[in-house]
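Counted from 1, the sequence shown has number 2 at position 2 by UniProt numbering; the numbering is strictly sequential.
For every residue, glycine included, the Cβ atom is placed at its ideal position computed from N, Cα and C.
Predicted model only: the values in this text are computed from it and were never measured.
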Amino acid sequence: MDRVSDETWYAVLLFFAFIIVPFLVGLTIFKVYRKVFPLKSSESLSVVEELDAQRLGFFRPFMIGWCICGPVVYWFYDKFLSYL
């Protein structure tokens with residue numbers, strides 16, 4: 001651990017932040033959306049189809065989170081990191 005530079009740890013934290021933060025933002029948006037517009041069950045859907053409709057997975061919240069976090073990351077890069 002002593003041989004690893006601080007910049008390496010910053011890069012690791014930044015990498016995980018680019019994955020975890022957009023996912024949490026997207027997951028929060030989906031949870032709020034489901035509170036406001038609850039999923040209505042239909043009589044024509046089977047139990048398995050209804051459970052699949054309620055699942056979020058990883059990709060959808062991640063992409064929605066990146067659609068929201070992407071402009072913020074671009075602005076941060078443009079203002080602070082592009083001159084390094």
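Closest by C-alpha distance to C69, when choosing among I20, D2 and A11: Ranked by Cα distance from C69, the options I20, D2 and A11 are led by I20.
Every unbroken alpha helix (DSSP H) inside the region 23-60 [4 residues or more]: Counting whole runs of 4 or more residues, the region 23-60 contains the alpha helix (DSSP H) stretches 47-54.
The region 24-39 / the region 57-74 touching (three or more Cβ pairs under 8 Å): Verdict: yes, contact present.
Length of the line joining the Cα atoms of F18 and P38: Using only the alpha carbons, I get a separation of about 29 Å.
Alpha carbon of A11 to alpha carbon of V4, nearest angstrom: The straight-line gap from Cα to Cα measures roughly 12 Å.
Residues near G65 in its chain [Cβ-Cβ closer than 8 Å; skip 5 each side]: Here the set comprises V21, P22, F23, L24, V25, G26, L27 and I29.
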